[in-house]
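J.: Supplied in structure tokens, the structure appears directly below.
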Amino acid sequence: MKFTTEFRDAKLAQGLVEAIRRKITRPWVIMEICGGQTHAILRYGLDEILPPGIELVHGPGCPVCVTPLEQIDRAVWIASQPGVIFTSFGDMLRVPGSDKDLFSVRAAGGDVRVVYSPLDAVRIAQQNPDRQVVFFAVGFETTAPANAMSVLQAQALGLRNFSVLVSHVRVPPAMHAILSSPGCRVQGFLAAGHVCTVMGYHEYPPIAGQYGTPITVTGFEPVDILRGIQLTIEMLESGRVQVANAYPRVVTFEGSRPAQDVIRRVFTGCDRQWRGIGMIPDSGWKLRPEFAEFDAEVRFPVSEIQTREPEDCIAGQILQGLKKPFQCPAFGTRCTPEHPLGATMVSSEGACAGYYRYHRDRHNLTEEPVSA
Amino acid sequence: MCLGVPGKIVEIYEANGLKMGKIDFGGVTREVCLAYVPDACVGEYTVIHAGFALNRISEQEALETLEILQQIAADELETGEP
Amino acid sequence: MTMKPENQSLQSVNIEGPVCPTPLPHNDRIVLGHGSGGRMSHDLIARTFFAAFSNPALTARDDAARLLTSSGEQLAISTDSHVVSPLFFPGGDIGRLAVCGTVNDVAMLGAEPLWLTAGFILEEGLEIETLQRVVASMQAAAQEAGVQIVAGDTKVVQKGKADGLFITTTGIGVIRPGVNISGAGARSGDVVIISGPIGDHGIAVLQARGELGFDSDICSDTAPLNGLVSALLSANAAAVHVLRDPTRGGLATTLNEIARQSQVGILLEEDRIPVRPAVAAACEMLGFDPLYVANEGKLVAIVAPHAAQDVLDAMRSHAYGTEAAIIGRVEAGAPGQVLMKTAIGGTRVVDMLAGEMLPRIC
């Protein structure tokens, strides 16, 4: 596969690991704030092949994990209403709400459907004019252009039965929140490559400057991630506080103007609750008032939602990079992918799920190649 | 986030007022919205997320990146441990 | 009767999108995850069926039950229900699946499948022409496998109570003398062989359902494997310790089952596992891992190291094993765990499928 396989090359990966090893003179803590990068690091065992001294910390980069409990509970309530077709990305369906998840709603007879794209949800609305179709519009900036376009399309097609339940979050406010919190150990940041594909990286130099933290825009293939780490280490070792772009084949400084224009047209900033972290001001997007007719929160007013998190779950501390999943007393015992207590264990991108699935045990293995 | 996969544009058309395209992911094709890459042409590669092309992929930049990485590998792996 | 965790294919229900991926917190009702072939299925079977039916042939947990007759002959018997939707898909149909699935389960015990029974649950309104097409396909598959369908049953249920057509097949075969194959047979040092590229069937059926909107030339690999099993056993029957077909839950789930049954560890090498480029591309696009995608025409063979090359050669000379490859080995450490050395060099755990894979944006 073009533009993918080349960036999984073992030799290029090894070269980068050696370059890092040669450069590093002291321990460093680097945070990535992207569920896709967390997943790739654990899935390819990158943290294992990096030289000792580099601690990779996973930030709140999984939109599934950080979607506020209120929104999950709201989604569950709306999906349970008769006549509603509730559509969502697959990731969201088994995130536990206070009481149940969207899959339970389906098991009880609700019409809950996974879609690959928000435009598929619009199509379902066109095909089912007598049903209310709701789309769960979650995600970081990467998904906002798609979600925004679905609203514009519904408007252009004159659909009366389509609405979106919005829960967008933005990366820069989260980085501010983490870097300004007491006890923050993060010294370098890997910025999420696909968020930056949309937004560019012009928002990052002020953050880097304010906290003295070098930032590298990084892709998702193992070689891309190692390259991002390598450039970050170079900046850290030489005391340079800059923003580097390790994903120039897709990311530009300005990002995608057409996408940003549409986002600005449909969404406006708002405060957001980040599950496990708390309220981060101006860290989310919601629909502009002129699109109120497509806002599921307006169309389906839900009375006061009482949210309830399991007490054992320390997802918040994990999302802030303060603790590792292994340090949670419930990890692997009371909390597993089969019986998740918190979102970080449910989402395939969540740090807890990643550690559980890929690194439950570390073993010494012989290095002989397998042969008959 | 964010599952963005490279794909090649093999066809461009309009549907419901939107620029759409057929994308080849390497033996698998799917319809994708090209509204955010208005200048993209057939034969070009884009990153696809949730059924939308987000940006074009620059072959030039990709090759330059690979060259740098190959140089690093050549330097490090000759002098370092195998 | 054997109890296998897999009793449903991915597309068994007529609701949109993939099915429940993970156990729900409450276990008072059956949910779709119980049919996924992963952990939930195993749990349900252990708690409900094994607990009630308990007997050694059943609880050995192999693909077929091994039975000893009073005259000293060893038989293998297995049953399988097929509820796939859509009924026809590129590379196969529910009929071919019903025959091959059971033929293969019997063959995985090293038995020569001889006879099948077939029970049909027909939904009111099903076109007879459709039924005839399915039955013709079953006969073709049976002929290819060299088995006869010797008994059957037909029931009709009201419209809405079946997905068009459900088929249950039971198969009987005679275990070859000198063969001792079971999931508990893997030994440290053994070599792990896969008979060909993984993931074809699951992706082909997903495509045929049409909900995720992608297109390709991928075909289901549904095939009777008893001929391939014969070929590899004639290379060195005593050296073949385990045979299993990685159906629901994929290669990863099957290897985890074996690791647990045999109480060994398995170490895979990622870049040796064959995957067709189009299947890999579809998995990339959807965010799936081919290790968890269903196969219906592949087998895993775990073989003593001294015989591995001979067995591999024998497989490669058979039509259904031309792309057979060594993908890993069995280790003494970490019993019950499957690990994989990734293409980049790090290692990671390869877990059993918990519930179901979902297309993701992350």
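Residue numbers (the working numbering), protein chains in the order written: chain A, 140 to 511; chain B, 57 to 138; chain C, 5 to 366. Virtual Cβ for every residue (Gly too), placed ideally from N, Cα, C.
#1: Out of A:Pro428, A:Val401, A:Ala218 and A:Glu360, point me to the one whose CA is closest to Leu181 (chain A)'s CA.
#2: Can you tell me whether Gln153 (chain A) is buried or exposed? The criterion is at least 16 other CB atoms within 10 Å of its CB, across all chains shown.
#3: Can you tell me which of the three DSSP states Thr282 (chain A) falls into?
#4: Quick one: grab the DSSP three-state call for Lys463 (chain A).
#5: Taking Asn299 (chain C) and Asp204 (chain C) to be in contact with their CB atoms under 8 Å, please state how far apart those CB atoms are, rounded to whole angstroms.
#6: Would you call Ser82 (chain C) buried or exposed, if buried means 16 or more other Cβ atoms sit within 10 Å of its Cβ?
#7: For Met142 (chain C), which residues of its own chain have a beta-carbon under 6 Å away from its beta-carbon, when the five flanking residues on both sides are left out?
#8: Anyone know if the C-beta pair for Gly198 (chain A) and Met231 (chain A) falls short of 8 Å?
#9: Considering only residues of the same chain and omitting the five flanking positions on each side of Asp410 (chain A), which have a CB-CB separation below 8 Å?
#10: Could you pull out every unbroken alpha helix (DSSP H) segment of at least 4 residues lying fully inside the region 278-325 of chain A, listed in chain order?
#11: Just the C-alpha distance for Asp516 (chain A) and Arg299 (chain A), rounded to the nearest angstrom, thanks.
#12: Please look up how many angstroms separate the CB atoms of Asp157 (chain C) and Gly105 (chain C), rounded, as I've assumed it's under 8 Å.
#13: From C:Asp225, C:Leu169 and C:Val151, pick the residue whose C-alpha is nearest to that of Leu130 (chain C); which is it?
#14: So Gly193 (chain C) contacts chain B; which residues on that side make the cut at Cβ distance below 8 Å?
#15: Hey, does Val244 (chain A) have any beta-carbon neighbour from chain B nearer than 8 Å?
#16: Using only alpha-carbon positions, find the residue among A:Val405, A:Ala385 and A:Thr371 that is nearest to Ile188 (chain B).
#17: Mind reading off the beta-carbon distance from Leu303 (chain C) to Ser192 (chain C)? Whole number of angstroms is fine, and I expect it under 8 Å.
#18: From Val297 (chain C) to Thr173 (chain C), what does the alpha carbon distance come to, in whole angstroms?
#19: Roughly how many angstroms lie between the CA atoms of Ala149 (chain A) and Asp363 (chain A), to the nearest whole one?
#20: Kindly indicate if chain A contains any beta-carbon less than 8 Å away from that of Arg51 (chain C).
#21: Run through the DSSP bridge pairs and tell me what Ala383 (chain A) is partnered with.
#22: Alpha carbon to alpha carbon, what distance is there between Ala155 (chain C) and Ala55 (chain C)?
#23: Please decide whether Pro268 (chain A) counts as near chain B, where near means a Cβ-Cβ distance under 8 Å.
#24: Please list, in chain order, the chain C residues whose beta carbon lies closer than 8 Å to that of Cys58 (chain B).
#25: Helix, strand or coil, according to DSSP, for Asn108 (chain C) in the structure here?
#26: Which chain D residues are close to Val337 (chain A), counting only those with a beta carbon under 7 Å from its beta carbon?
#27: Strictly under 8 Å for the Cβ-Cβ distance: is Gln153 (chain A) near chain B by that measure?
#28: Going by C-alpha distance, which of A:Asp400, A:Thr355 and A:Thr281 is nearest Ile372 (chain A)?
#29: If you drop the 5 nearest sequence neighbours on each side, which residues of the same chain put their C-beta closer than 8 Å to that of Asn267 (chain A)?
#30: For Met288 (chain A), which residues in chain B fall below 9 Å Cβ to Cβ?
#31: In terms of residue numbering, what span does the alpha helix (DSSP H) encompassing Gly150 (chain C) cover?
#32: When you check each C-beta in the region 318-349 of chain A against every C-beta of chain B, which residues fall closer than 9 Å?
#33: Going straight from the alpha carbon of Gln326 (chain A) to that of Ser219 (chain A), what length do you get?
#34: Between the Cα of Gln412 (chain A) and those of A:Gly229, A:Ile211, A:Ser227 and A:Pro166, spot the shortest distance and give me the residue it belongs to.
#35: Using the beta-carbon count (16 or more within 10 Å), is Lys165 (chain C) buried or exposed?
#36: What residues of chain A sit near Val35 (chain C), judged by a beta carbon separation below 7 Å?
T.: Inspection of the coordinates gives the following:
#1: A:Glu360
#2: buried
#3: coil
#4: coil
#5: 7 Å
#6: buried
#7: Gly99 and Val103
#8: no
#9: Met418, Ile419, Pro420, Asp421, Ser422 and Gly423
#10: 283-295 and 310-318
#11: Since the first residue of chain A shown is 140 and the last is 511, residue 516 (chain A) is not available in this structure.
#12: Incorrect: roughly 18 Å between the Cβ atoms, too far for contact.
#13: C:Leu169
#14: By Cβ distance, chain B contributes nothing, its closest Cβ being about 26 Å from Gly193 (chain C), past 8 Å.
#15: no
#16: Because chain B is modelled from 57 through 138, residue 188 (chain B) falls outside the range shown and cannot be assessed.
#17: No, Leu303 (chain C) and Ser192 (chain C) are not in contact; Cβ-Cβ is about 22 Å, not under 8 Å.
#18: 23 Å
#19: 12 Å
#20: no
#21: A:Thr355
#22: 30 Å
#23: no
#24: Ile365 and Cys366
#25: helix
#26: Within the model displayed, chain D is absent; protein chains A, B and C are what it includes.
#27: yes
#28: A:Thr355
#29: Ile224 and Asn300
#30: Leu74, Cys89, Ala91, Tyr92 and Phe108
#31: Element bounds for Gly150 (chain C): n/a, residue is neither H nor E.
#32: Ala331, Gly332, His333, Val334, Thr336 and Val337
#33: 45 Å
#34: A:Ile211
#35: exposed
#36: Ala246
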